[in-house]
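In the working numbering, the protein residues as written are 856 to 1671.
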């Protein structure tokens, strides 16, 4: 049986198991409901009154009153799936993919995303308590003491604006309360897991409340590194603390303050060798290195490349949120934020050959300010008007080491073949020293933007309303990067006369009148490297671009019956252009991308739950796409046209007190409408090693699974007057998808069906709950991502990222 047929069959088995569990628990829950007062249906309707409130349209609304496609995770749902960070949302939020690989985060909604480089903005807007962060690497904030999360799909140009081209992920942390309380939670389990979280809240006086929360998480790796002295891949160390305060400045004015710090480190190599191309297969270093996708990795590099990998973040986040009612129910909101993310990076590659070393930390800073005036909801004419501005700074320092010794040895052999005596040339070791590039190119990027926006809604009748919105935004982006600090392993300027004079046997020996051996070598190597590398002396990158954009939007809402909403929306969006500053050559610019999105949907609140259905189509022009080039760097370009279309459905039901059931499904067709000069697949590069292009028109976009689904069940059943049973089961499934723009068959993520669950007992009188938690219960394994190995000789040498194995944990939680 093929993997493609296994996945649906496994999914069916898992769904059946979940259904059986629900049926088994239903009678007990029904008995409890009836024993409590007779009518189980009435009890369920009362329990369903806890409406799911979202802010997807910058107002607090029930999810069934929001004319947008949004998935909401309450604090309880986040706990039931044991969500540690945004990666844990992907299996349970339709059309969302989030993959962390080495120093980048690949994030997409409905097939549109960004490669996660620091050089340009993410296509998914990330908000942390209302404060925007622009870089994908900043999105892995650890989840603890959360208030909720919303995943908003489709362009959000008017109200969220800046680069929210494919959607928004909005995090909300728990707020302070005047009532004293809190909790302490401890977990221990598989992979030597230890985790402790806690929070305490209360009032300092009648006007001031506070909340202090913190967490520590230590876990061993899940990939056994066979190289000596290395950490197991995926070892985690996370520490975090957050302080929040709410200050009532008067009857109509409230100020919320927050400061948050965290350190999140991942040790060891998580990408493993799964394919060796023909050009690398002849290298004896690859003999005996297994290429199965499993729990083993081999990072057998040597010399300066032999490092224990570390990818980490140290972050400071501060926000101030002032809200004032200014009359007639209108509210003025002023939200200011400062974020400082320091990303630590030290890694080679999980290969048996020396290819690269990255040791270049990056700092992303941003200061943001939004002012928004929102009218009251209870009037036929409603509005939201506001302004936004930010300033961002990115600094990358440190160095990278790239192994070009193969290039050097090839030139050495060619020179000997052309009659140059080997005795006059550097030894193989000397040649290797001169052809090892220590690249220290300091990179600085500055950005600033401002925007003004307005949205006006009007009730034409009691059942029909229309909304129009408009946003004007202006962005400026500038970079500076130098090339004069490129050295060889001996500290000399790379590819210079001095570099080769340090390793030739007889410096100054003239092989021809006026031409020394080191001059011959420098001239030859400069000609070779100049084709793909900015050599010392190349003018520094010093570029800037600015652009203004007008983004209109509109929607219509119709309520034919009570608790039924039908809607249609038209949204526009843009994402600013940028520079290819991760390339080894001087930076080239790429332009902005634009989106025009249409969506129709229906939402129904049927008393004991709700159901939503949305169909969408988004047309993209000048889509920004990124691919790994032959030198191992990532280049971004504008594909001509693309489309993302499909439908999404969600349902949530409380059939009886103490039980909530839910399911979601998404179908996605995201493909290029026109992309005629696309990079080649691995097989095409093997057939045309000197370079080629292909026509990807009609082919799928990367990070766009055609099908995704999830099912969950949460139950709470009193066993006695003093003992409750609490259980949760969660199933998420995604079909396979390409992970790079070339649509290379060897670079597809596998279809996966993941089951998480927890079961526990609660002693309500004491505040104690003890639970058993299982993640990936059936130990489903597959590749989350497959990438070409940087600087390997063959494009068919592939590194893959496997999902985490089955783990168990015991949790004790004490609430007070």
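We put the CB at the ideal spot given by N, CA and C, even for glycine.
Everything numeric in this text was worked out from a predicted model, so none of it was measured.
Here DSSP, grouped into helix, strand and coil, assigns residue 1286 to helix. Collapsing the DSSP output to three states places residue 1272 in a helix. According to the DSSP assignment, residue 1367 belongs to the beta strand (DSSP E) that extends over 1365–1367. Cβ neighbours of residue 920 within its own chain (closer than 7 Å, five residues either side excluded): 1420.
For the options 1158, 1317, 1259, the alpha carbon positioned closest to that of residue 1413 is the one of 1317. If you ignore the 5 residues before and after residue 1190, its C-beta comes within less than 6 Å of the C-beta of 985, 1176, 1225, all in its own chain and listed in chain order. For residue 1518, the closest C-alpha among the options 1376, 1262, 1302, 1509 is that of 1509. Non-local beta-carbon contacts of residue 1472 in its own chain, meaning distances under 6 Å to residues more than five positions away in sequence, involve 1453, 1500 in chain order. Of the residues 1301, 1505, 1465, the one whose Cα lies closest to the Cα of residue 1433 is 1301.
976 is the residue among 1571, 976, 1053, 1385 whose C-alpha sits nearest the C-alpha of residue 1221. Beta-bridge partners of residue 1180 (DSSP): 1186. In the three-state reduction of the DSSP assignment, residue 1640 falls in the strand class. Boundaries cannot be given for residue 1418, as no beta strand (DSSP E) includes it and DSSP labels it neither H nor E. Taking a cut-off of 8 Å for Cβ pairs, the region 1382–1399 and the region 1332–1351 touch, as three or more such pairs fall below it. When the beta-carbon positions are compared, residue 1154 and residue 1203 come within less than 8 Å of each other. In the DSSP assignment, residue 1459 is bridged to 1419, 1466.
Residue 1401: not part of any alpha helix (DSSP H); member of the beta strand (DSSP E) spanning 1396–1413, first to last residue. Per DSSP, reduced to three states, the secondary structure at residue 1153 is coil, with no helix or strand assignment.
Across the set 1631, 1125, 1650, the C-alpha of 1631 shows the shortest separation from the C-alpha of residue 1664. In this structure, DSSP gives residue 1373 a helical state, which the three-state scheme calls helix. In this structure residue 1557 touches residue 1596 by the C-beta definition: roughly 5 Å separates them, less than 8 Å.
For residue 933, the uninterrupted alpha helix (DSSP H) segment begins and ends at 930–935. Between residue 1003 and residue 1011, the CB-CB gap reaches or exceeds 8 Å.
If you look at residue 1355, you'll find it in the alpha helix (DSSP H) that goes 1352–1356. Residue 1269 sits exposed, since fewer than 16 C-beta atoms from the chains shown fall within 10 Å of its C-beta. Check the Cα spacing between residue 932 and each of 922, 907, 956: the tightest is with 907. For residue 1611 and residue 1568, the gap between their C-alpha atoms comes out near 11 Å. DSSP, reduced to helix, strand and coil, places residue 1123 outside both helices and strands of the structure shown, so it counts as coil. Taking one beta carbon from each stretch, the region 1079–1097 and the region 1114–1121 have 3 or more pairs nearer than 8 Å; the two touch.
Its Cα nearest to that of residue 1059, the residue 1034 stands out among 1580, 1043, 1034, 1620.
With contacts defined by Cβ atoms closer than 8 Å, residue 1325 and residue 1350 do not form a contacting pair. Around the CB of residue 937, 16 or more other CB atoms lie within 10 Å, so the residue is classed as buried. Residue 1358 is not a Cβ neighbour of residue 1283, given a cutoff of 8 Å. Residue 1614 is bridged by DSSP to 1582, 1627. Between residue 1614 and residue 1582 a beta carbon distance of about 4 Å is seen, short of the 8 Å cut, so the two are scored as contacting.
When the beta-carbon positions are compared, residue 1343 and residue 1354 come within less than 8 Å of each other.
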